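Report on the following structure.
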Amino acid sequence: MSGAEKVHVLPRAADLGLIGCHVCRLVCRQPPEDADDMACPRCGSALHRRKPATYTRTWALLLAAFMMYLPANFLPIMRTASLNDVDDNTILSGVKELWINGSADLAIIVFVASIMVPMLKFLVLVTLLISSHMRTDWAQPQRARLYRLVEFIGYWSMLDVFVVALLSALVRFNVLSRVEPLPGVIFFGLTVVLTMLASMSFDPRLIWDSRDSDD
Amino acid sequence: MSTTSLEALQICEECDTVHRRRAMTRGEVGKCACCGATLEHFHSLNPNTMLALVFTAFIVFVQANLWPIVTLGLNGRHSSTTLWGAIITMWQSSAQVIAVLAAATLFFFPLVKMLSIGWLLWFARQRRCAPGFVPIMVTLHYIGPWTMSEVFVLGALVAIVKAKVYFDVVADPGIYAYAVLTVLITIFARVDMRELWDMRMKDSA
Numbered sequence: 001m002s003g004a005e006k007v008h009v010l011p012r013a014a015d016l017g018l019i020g021c022h023v024c025r026l027v028c029r030q031p032p033e034d035a036d037d038m039a040c041p042r043c044g045s046a047l048h049r050r051k052p053a054t055y056t057r058t059w060a061l062l063l064a065a066f067m068m069y070l071p072a073n074f075l076p077i078m079r080t081a082s083l084n085d086v087d088d089n090t091i092l093s094g095v096k097e098l099w100i101n102g103s104a105d106l107a108i109i110v111f112v113a114s115i116m117v118p119m120l121k122f123l124v125l126v127t128l129l130i131s132s133h134m135r136t137d138w139a140q141p142q143r144a145r146l147y148r149l150v151e152f153i154g155y156w157s158m159l160d161v162f163v164v165a166l167l168s169a170l171v172r173f174n175v176l177s178r179v180e181p182l183p184g185v186i187f188f189g190l191t192v193v194l195t196m197l198a199s200m201s202f203d204p205r206l207i208w209d210s211r212d213s214d215d
Numbered sequence: 001m002s003t004t005s006l007e008a009l010q011i012c013e014e015c016d017t018v019h020r021r022r023a024m025t026r027g028e029v030g031k032c033a034c035c036g037a038t039l040e041h042f043h044s045l046n047p048n049t050m051l052a053l054v055f056t057a058f059i060v061f062v063q064a065n066l067w068p069i070v071t072l073g074l075n076g077r078h079s080s081t082t083l084w085g086a087i088i089t090m091w092q093s094s095a096q097v098i099a100v101l102a103a104a105t106l107f108f109f110p111l112v113k114m115l116s117i118g119w120l121l122w123f124a125r126q127r128r129c130a131p132g133f134v135p136i137m138v139t140l141h142y143i144g145p146w147t148m149s150e151v152f153v154l155g156a157l158v159a160i161v162k163a164k165v166y167f168d169v170v171a172d173p174g175i176y177a178y179a180v181l182t183v184l185i186t187i188f189a190r191v192d193m194r195e196l197w198d199m200r201m202k203d204s205a
């Protein structure tokens, strides 16, 4: 494919009566009418031209993720207890502590992974959902790139969850010093899983669907 | 439509554009001309090399799970943990959701991934189709995005830095094994599943 070719001249599977399997990527010929209950001849997965109910599923998962996201940030995720002091940490206070006592580089990484990435995921997915729904051809290459970014960075938010798990298992010196997980970490873990599911259920082909009239 | 056979075509997963497949040269990456998504890589590793890598990864994985990851010291007392130690602690401190998540993404999924790719390659190098080929390939497709060993390595690093303020910290063999495992997983996660699928097509034909 040479770069000189105009983007809108490139053939799309739907125009050629082809359909690609989501699981094994086999190129299949699409039967003329209903493609709803067709199975891939190679791997047996259901064939869809677009992921089924992608708007409904993605919105639902995103909403659920947001409902988990609020307690994940406001509730403490970890309790550190020593002889004369009990301290509950939220995600943000953990970053602050790391910035002051530990290493600023790591604090930036944790800040990006735990605070910026989840927020970015919400913003990007909402933008993609709304713009695709409006069938606009605005900034299509950029939107495609945003989608890939979200897919790529999504799971790095689990960082804080693993930190809490490790510290809770390590810091067990009875009364002298202890670390325990608090409910915030559960909400945070669920936020990450739900946003990952949301970005998986979004069909990036919708970004490009403005150039044809079918669905 | 032209007379091009379907095997010679590929469809971009992200924008539905149809491309002709072509042979890749070393270091080449095929990108979609429409949306820029990666279509295919050049693969320099044959099934034998790949199998050796998977086998190495399996040995390292066993080490990573057997040895403690970090040891903390406080006033002459010591405390250390393995991955399973952390998972069990989470289960017992009423964070069972996290325990299940960690067990799945750090232990079971990576293990299933390694064993299944090893199984498929073992048969592929004998030019045979592995028993259970289709369900294994479909399982691999679905667990693909859910392995998080590399996040765990970074998490261990953050935990060490946080603990260093209050305790004596010693990094144990487990963390090194995990770091090596991350590199190995990154290499064999790039195995092109389509090549395996295509290989099977030829055999059964």
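The listed protein sequences derive, respectively, from chains X and V.
Everything in the first sequence is counted per the numbering used here, starting at 1 for the first residue and increasing by one.
Everything in the second sequence is counted per the numbering used here, starting at 1 for the first residue and increasing by one.
Ideal Cβ positions, reconstructed from N, Cα and C, are used throughout, including at glycine.
Just so we're clear, the structure is a prediction, and the values are computed from it rather than from any experiment.
For the alpha helix (DSSP H) containing residue i, list its first residue and its last residue.
i: Val112 of chain V; result: 109-124
i: Ala89 of chain V; result: Reading off the sequence shown, one finds Thr at residue 89 of chain V, where the question assumed Ala. 83-92 is the extent of the alpha helix (DSSP H) around Thr89 of chain V.
i: Ile98 of chain V; result: 96-102
i: Gln30 of chain X; result: Note, Gln30 of chain X: premise wrong, no alpha helix (DSSP H); not H, not E.
i: Ala72 of chain X; result: 54-74
i: Leu129 of chain X; result: 117-133
i: Gly73 of chain V; result: Segment 70-74 is the beta strand (DSSP E) holding Gly73 of chain V; no alpha helix (DSSP H) there.
i: Ala81 of chain X; result: Ala81 of chain X -> not in any alpha helix (DSSP H); beta strand (DSSP E) instead, spanning 78-82.
i: Asn174 of chain X; result: It is not in any alpha helix (DSSP H) - Asn174 of chain X carries neither H nor E in the DSSP assignment.
i: Ile109 of chain X; result: 104-111
i: Ile153 of chain X; result: 140-153
Rounded to a whole number of angstroms, what is the C-alpha to C-alpha distance between residue i and residue j?
i: Asn84 of chain X; j: Ser114 of chain X; result: 30 Å
i: Leu194 of chain X; j: Ala64 of chain X; result: 7 Å
i: Pro183 of chain X; j: Asn73 of chain X; result: 11 Å
i: Glu180 of chain X; j: Tyr69 of chain X; result: 20 Å
i: Val161 of chain V; j: Leu181 of chain V; result: 21 Å
i: Asp214 of chain X; j: Leu26 of chain X; result: Note that Asp214 of chain X scores 44 on pLDDT, short of 50, meaning its location in the model is unreliable; the coordinates nonetheless yield the value given after this. The alpha-carbon atoms of Asp214 of chain X and Leu26 of chain X are separated by roughly 23 Å.
i: Gln92 of chain V; j: Ala99 of chain V; result: 9 Å
i: Asp160 of chain X; j: Glu150 of chain V; result: 13 Å
i: Tyr178 of chain V; j: Ser45 of chain X; result: 34 Å
i: Arg205 of chain X; j: Ile108 of chain X; result: 34 Å
i: Met1 of chain X; j: Leu18 of chain X; result: Below a pLDDT of 50, predicted positions are generally treated as unreliable, and Met1 of chain X, at 39, falls in that range; no measurement from the model is reported.
i: Phe133 of chain V; j: Asp37 of chain X; result: 23 Å
i: Thr71 of chain V; j: Met196 of chain X; result: 33 Å
i: Arg77 of chain V; j: Ala163 of chain V; result: 15 Å
i: His73 of chain V; j: Asp105 of chain X; result: It is Gly, not His, that sits at residue 73 of chain V in the sequence shown. Cα to Cα, the separation comes out at about 25 Å.
i: Ile207 of chain X; j: Ser5 of chain V; result: 28 Å
i: Asn101 of chain X; j: Leu157 of chain V; result: 15 Å
i: Phe107 of chain V; j: Phe188 of chain X; result: 20 Å
i: Ile136 of chain V; j: Ile187 of chain V; result: 20 Å
i: Val183 of chain V; j: Trp67 of chain V; result: 18 Å
i: Ile69 of chain V; j: Val62 of chain V; result: 13 Å
i: Ile175 of chain V; j: Ala189 of chain V; result: 21 Å
i: Ala198 of chain X; j: Trp59 of chain X; result: 8 Å
i: Cys43 of chain X; j: Ala95 of chain V; result: 37 Å
i: Phe66 of chain X; j: Leu129 of chain X; result: 15 Å
i: Arg21 of chain V; j: Ala13 of chain X; result: 14 Å
i: Asp16 of chain V; j: Leu146 of chain X; result: 17 Å
i: Ala52 of chain V; j: Leu47 of chain X; result: 35 Å
i: Ala4 of chain X; j: Cys34 of chain V; result: Reliability of the predicted coordinates at Ala4 of chain X is poor, the pLDDT of 39 falling under 50, and no value is obtained from them.
i: Leu39 of chain V; j: Val138 of chain V; result: 19 Å
Kindly list, in the order they appear in chain C, the residues whose Cβ is closer than 7 Å to that of residue i.
i: Asn101 of chain X; result: Any reference to chain C falls outside this structure, whose protein chains are X and V.
Go to residue i, then tell me how far its beta strand (DSSP E) extends in each direction, as first and last residue.
i: Val179 of chain X; result: 177-181
i: Thr25 of chain V; result: No beta strand (DSSP E) holds Thr25 of chain V; DSSP gives it neither H nor E.
i: Val161 of chain X; result: Unbroken run through Val161 of chain X is the alpha helix (DSSP H), 159-170; no beta strand (DSSP E).
i: Ile11 of chain V; result: 9-11
i: Gly20 of chain X; result: 18-20
i: Val23 of chain X; result: Careful: Val23 of chain X lies outside any beta strand (DSSP E) and carries neither H nor E.
i: Asp88 of chain X; result: 85-89
Would you say residue i touches the ligand NAP, meaning its beta carbon is less than 7 Å from a heavy atom?
i: Thr17 of chain V; result: This structure lacks the ligand NAP; in fact it carries no ligand of any kind.
Item to check | chain X contacts made by the stretch 154-187 of chain V, where a contact means CB separation under 8 Å | outcome: Leu154, Gly155, Ala156, Leu157, Val158, Ala159, Val161, Lys162, Ala163, Lys164, Val165, Tyr166, Phe167
Item to check | the stretch 168-176 of chain X contacting the stretch 90-98 of chain X, beta-carbon criterion three pairs below 8 Å | outcome: no
Next on the checklist: I'd like to know if the stretch 9-17 of chain V and the stretch 81-89 of chain V are in contact, where contact means that at least 3 CB-CB pairs between them fall below 8 Å.
Outcome noted: no
Checklist entry - So does the stretch 25-34 of chain V actually touch the stretch 144-153 of chain V, counting three or more Cβ pairs closer than 8 Å? => result no
Checklist entry - Three or more beta-carbon pairs under 8 Å between the stretch 155-164 of chain X and the stretch 40-53 of chain X, yes or no? => result no
Checklist entry - Would the stretch 114-133 of chain V and the stretch 46-56 of chain V be scored as touching if the rule is three or more Cβ pairs under 8 Å? => result yes
Checklist entry - Of all the residues that make up the stretch 60-81 of chain V, which are near chain X by a beta-carbon distance shorter than 9 Å? => result Ile69, Val70, Thr71, Leu72, Leu74, Asn75, Arg77, Ser79, Ser80, Thr81
Item to check | Contact residues within the stretch 177-190 of chain X, judged by C-beta distance below 7 Å to chain V | outcome: Ser177, Glu180, Pro181, Val185, Ile186, Gly189, Leu190
Checklist entry - What residue ranges within the stretch 33-65 of chain V form continuous beta strand (DSSP E) runs of no fewer than 3 residues, ordered along the chain? => result 38-41
Item to check | Chain-ordered residues of the stretch 40-62 of chain X with a beta carbon less than 9 Å from chain V | outcome: Arg42, Cys43, Gly44, Ser45, Arg49, Arg50
Checklist entry - Whole alpha helix (DSSP H) runs in the stretch 139-199 of chain V with 4 or more residues, listed along the chain? => result 149-164, 173-188
Item to check | Contact residues within the stretch 14-36 of chain V, judged by C-beta distance below 7 Å to chain X | outcome: Glu14, Cys15, Asp16, Thr17, Val18, His19, Ala33, Cys34, Cys35, Gly36
Next on the checklist: Under 9 Å, CB to CB, which of the residues in the stretch 145-162 of chain X have a partner in chain V?
Outcome noted: Arg145, Tyr147, Arg148, Glu151, Gly154, Tyr155, Trp156, Ser157, Met158, Leu159, Asp160, Val161, Phe162
Item to check | Contact residues within the stretch 97-122 of chain V, judged by C-beta distance below 9 Å to chain X | outcome: Val97, Ile98, Ala99, Leu101, Ala102, Thr105, Leu106
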